[in-house]
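K.L.:
Protein chains: 2
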Amino acid sequence: MPAKGIAILGSGIFATEAHLPAIATLGDAIELKAVYSRSNKSASTFARSAQDILKLSHALDVYHDEDPAASLDVLLARSDIAAVIVVLPITVQPKVILKALAAGKHVLSEKPVAPDVSQGRALIQEYESKYKSRGLVWRVAENFEAEPGYRAARRAIEDGKIGKVAFYNACVVNYIDENSKWYNTPWRTVPDYQGGFLLDGGVHTIASLRVVLPSALQTVSAFASLAKDILPPQDTINAIVRNVDGSHGLVELTWGAPTVTRAKQAGNNITVTGTEGWLEITRANGVMRIAVHTITRDKDGKSTGETEEVIEEKEVGIQREIESFLRATDGSDDGVDDPRSTLVDVAFIEAALNSNGAPVDLVALAKV
Amino acid sequence: MPAKGIAILGSGIFATEAHLPAIATLGDAIELKAVYSRSNKSASTFARSAQDILKLSHALDVYHDEDPAASLDVLLARSDIAAVIVVLPITVQPKVILKALAAGKHVLSEKPVAPDVSQGRALIQEYESKYKSRGLVWRVAENFEAEPGYRAARRAIEDGKIGKVAFYNACVVNYIDENSKWYNTPWRTVPDYQGGFLLDGGVHTIASLRVVLPSALQTVSAFASLAKDILPPQDTINAIVRNVDGSHGLVELTWGAPTVTRAKQAGNNITVTGTEGWLEITRANGVMRIAVHTITRDKDGKSTGETEEVIEEKEVGIQREIESFLRATDGSDDGVDDPRSTLVDVAFIEAALNSNGAPVDLVALAKV
């Protein structure tokens, strides 16, 4: 039986702006029944948005910490709720994930898998030893494994369109000021987890590299620092990475752009360069664009120029990952969003923050 | 007395296409009298170009290895030649520099200072202990220390226009194929020195960073590899660098772009990002363009936006460095192009080629 009856735990920006529209596209496949937030006000506001966006005939049931009769435990005791989507602040996630699993619910939790590798490893071990065997599904959401654009880029590489991967770049330069809606999330303004925005946002970049590159990330060396006072503890990582197949790349992550134009100039993108071509992945207006350039050769193998193929895919990763999660709860597991594979995203950020220029073995660090 | 009487040792592409036009701009300040090349044909061709470009009434004297009566030693024995410009293949340079110094000539030699740090260090030690005290000048050319554009970028930073330097990027992505004039220089096609194009061309990038950044490069960690079979031993470096002041940056050097568009997409440039703004240096059509973006603030210090100032400077570094060299031979040394300071450019490439992801102390490596 698929987990039709769903509760969402967390009612912040991402739950409202990303999850609700994604759930709306899924129609009858999912029935969002309840919302939990620490505050009554936030949960209630979300419930109204949900009723509106999902065109529900009646409001969501609202749970929060202000009334013991409407607590998270009460929500988790409901038998008509088979699964929860957890979209809470990073440090709150692990204990809520465990609580939900203990209550017998399937869990789709927002990235990162945990605030640090050690907690992530412990969480995965507990899940696998105690809950997986009981048929409970736990997956880590929003890590681009289900995103059609990144998957298309991976296929282009696997099809040999750029030859053997030689080197790559991933560049994310963001401008954040005191007015940013993300900055104004209380838990982001004073982060109680390593890296601040670098962990919260940086895991996306590493996840996309993990999806796009055919070979696993193996070693990272990095320097990390704080460029912008309002974004402690750190906002910038300059990293080099080597993959198992010997290819290597540069990863630039910063939320510390001093002005808007610095972020514009960088034009956040991923390029992968191979022996027979290269590809560039850019994102704009909800569409991912992959430009694949391939060397053309004459019959003697001499290069005669290049072709360009453009692949465009709508960004529907959240919708797809919820669909995949629902199928998994119905016994049809496609392996997407497995917590084990997402641990390397956290490992990368943790390694980069602590590297101080020295190489860190990501495979060893992310080993469960 | 300034060294008016000059010989040029080497008659390749760069001597013809860069040095001759630069010398032409200097008028009476310099008198190019002779050329030496290993082959008579190459030296004679250069002599004709020189007569044409410099509008000389009589041809240069031609020296080469094919006739003992016209050897380099014979050239260096001439008392009317006070200085030589050495533009020979990388591995030939050190012994020719020493030979010229031993003959009592001032020397302006092309970068890199030497094929590797060990030879560079030995060369500098020998110069300083035996020849500097006799008043002979030796400088390392074409390392951008005299380039007005890079100097203007440095001044903008020193003037505080971007605040404290936080992080930076230097990106050089080149497309080279079998038809490239640079590839078809015999000594570049089968390089007998570390790094191939990475040393030959990469030292330029490191030199420009050295000129632009107010703080010295201290530590580099890198991965190096060969992306394009025709460019052994290596053609690609991905590096992270940390400076003495704690700022850090990414350096991407490759001659292994698989197609022309990959190089175009990269748009070779340097960006320096600070706490109060950022600047970008780009080069096109002989002009260096520095766009300086500075945060504007209201009276309470709150950011209100940004200004952009564009500085454009013609690329005249080679002319300027020859002028500076001539002044130095006349006893007025401005410190530009000192061999000691250029040793770090070679040290960077050598460190990056051997780093394998581990940090290398550039200050220690480049210590004479």
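Chains as they are written, first to last, in our numbering: chain A, 1 to 368; chain B, 1 to 368. Note that the Cβ used here is the ideal one computed from N, Cα and C, for glycine as well.
1. With 8 Å set as the bound, which would you pick, yes or no: does the beta-carbon of D361 (chain A) sit closer than that to a beta-carbon of chain B?
2. Which partner residues of L9 (chain B) appear in the DSSP bridge assignment?
3. Please classify S303 (chain B): does DSSP put it in a helix, a strand, or coil?
4. Return yes when the Cβ of Y175 (chain A) is within less than 8 Å of the Cβ of T275 (chain A), no when it is not.
5. Whole angstroms are fine: how far does the CA of A263 (chain A) sit from the CA of A15 (chain A)?
6. Apart from the five residues just before and just after T254 (chain A), which ones in its own chain have a Cβ nearer than 8 Å to its Cβ?
7. Kindly indicate the opening and closing residues of the alpha helix (DSSP H) around H204 (chain A).
8. Specify the secondary structure class of R242 (chain A) as computed by DSSP and reduced to three states.
9. For T304 (chain A), decide whether its Cβ has a neighbour in chain B, counting only Cβ atoms nearer than 8 Å.
10. Are A82 (chain B) and H106 (chain B) close, meaning C-beta to C-beta below 8 Å?
11. Please check if any C-beta of chain C sits within less than 8 Å of the C-beta of D245 (chain A).
12. In the DSSP assignment, find the alpha helix (DSSP H) that holds L436 (chain A) and state where it starts and stops.
13. Below 6 Å CB to CB, which residues in the same chain sit around P148 (chain A) once its five sequence neighbours on both sides are set aside?
14. Have a look at B:A224, B:P94, B:V35, B:V117 and flag the residue whose alpha-carbon is nearest the alpha-carbon of D419 (chain B).
15. The beta strand (DSSP E) spanning F167 (chain A) covers which residue range?
16. Along chain A, which residues have their Cβ under 7 Å away from the Cβ of N238 (chain B)?
17. Which of the three DSSP states is assigned to E132 (chain B) in this structure?
18. Any residues in the stretch 196–229 of chain A with a beta carbon nearer than 9 Å to a beta carbon of chain B? Which ones, in chain order?
19. When we look at the beta-carbon of H293 (chain A) and count the other beta-carbons within 10 Å, is it buried (16 or more) or exposed?
20. Between A:L76, A:F46, A:I206, which has its C-alpha nearest I371 (chain A)'s C-alpha?
21. Does DSSP put E392 (chain A) in a helix, in a strand, or in coil?
22. For the candidate residues A:S79, A:D177, A:S225, A:D245, whose alpha-carbon lies nearest to that of Y168 (chain A)?
23. If you run the structure through DSSP and keep just helix, strand and coil, what is F223 (chain A)?
24. Quick check: is the beta carbon of P258 (chain A) nearer than 8 Å to any beta carbon in chain B?
25. Evaluate A364 (chain B) with the Cβ neighbour count: other Cβ atoms within 10 Å of its Cβ, from every protein chain shown; 16 or more gives buried, anything less gives exposed.
26. Beta carbons nearer than 7 Å to chain B: which residues of the stretch 340–361 of chain A have them?
27. Kindly indicate if chain A contains any beta-carbon less than 8 Å away from that of Q234 (chain B).
28. On the DSSP letters alone, give me the boundaries of the alpha helix (DSSP H) that Y150 (chain B) sits inside.
29. Which chain B residues sit within Cβ distance under 9 Å of T254 (chain A)?
30. Assuming V241 (chain B) and T219 (chain B) form a contact by the criterion Cβ under 8 Å, report the distance between their Cβ atoms to the nearest whole angstrom.
31. Of the choices B:N40, B:P186, B:S225, B:R154, whose alpha-carbon is the least far from that of P352 (chain B)?
32. Please go through the same chain and pick out, in chain order, the residues whose beta-carbon is closer than 6 Å to the beta-carbon of A328 (chain B), but skip the five residues on each side of it.
33. Does any C-beta atom of chain B lie closer than 8 Å to the C-beta of Q265 (chain A)?
34. Which residues in the same chain as I23 (chain A) place their Cβ atom closer than 7 Å to its Cβ, once the five residues preceding and following it in sequence are excluded?
35. Under a three-way DSSP split, which group does V287 (chain B) fall into?
36. May I have the straight-line CA-CA distance separating T304 (chain A) from E280 (chain A), to the nearest angstrom?
P.N.:
If we stick to the structure as given:
1. no
2. B:Y36, B:V86
3. S303 (chain B) falls in the strand class under three-state DSSP.
4. no
5. 26 Å
6. V172, V173, N174, A227, D235, T236, I237
7. First-last of the alpha helix (DSSP H) with H204 (chain A): 197–212.
8. strand
9. no
10. yes
11. Although the question refers to chain C, the structure presented lacks it and instead comprises the protein chains A and B.
12. Outside the modelled stretch of chain A, which goes from 1 to 368, sits residue 436 (chain A), for which no answer is possible.
13. Contacts found: E313.
14. Outside the displayed range of chain B (1 to 368) lies residue 419 (chain B), so it cannot be described from this structure.
15. 165–173
16. The answer, in chain order, is F167, I240, H248, G249, L250.
17. According to the sequence provided, residue 132 (chain B) is Lys. The question's Glu does not apply to it. K132 (chain B): helix per DSSP, three-state reduction.
18. T219, V220, S221, A222, F223, A224, S225, L226, A227, K228, D229
19. buried
20. There is simply no residue 371 (chain A) to check, as chain A begins at 1 and stops at 368 in what is shown.
21. A query on residue 392 (chain A) cannot be resolved here, the shown segment of chain A reaching from 1 to 368 and no further.
22. A:D245
23. strand
24. yes
25. exposed
26. Taking 7 Å as the upper bound on Cβ-Cβ separation, chain B lies near residues G357, A358, P359 of the stretch 340–361 of chain A.
27. no
28. 148–158
29. Within chain B, the residues near T254 (chain A) are A166, F167, T273.
30. T219 (chain B) and V241 (chain B) do touch by the CB rule: their CB atoms are close to 7 Å apart, below 8 Å.
31. Strictly speaking, residue 352 (chain B) in this sequence is Ala, with Pro absent from that position. Closest option to A352 (chain B), Cα to Cα, is B:S225.
32. V137
33. yes
34. I30, L32, L54, I322
35. strand
36. 21 Å
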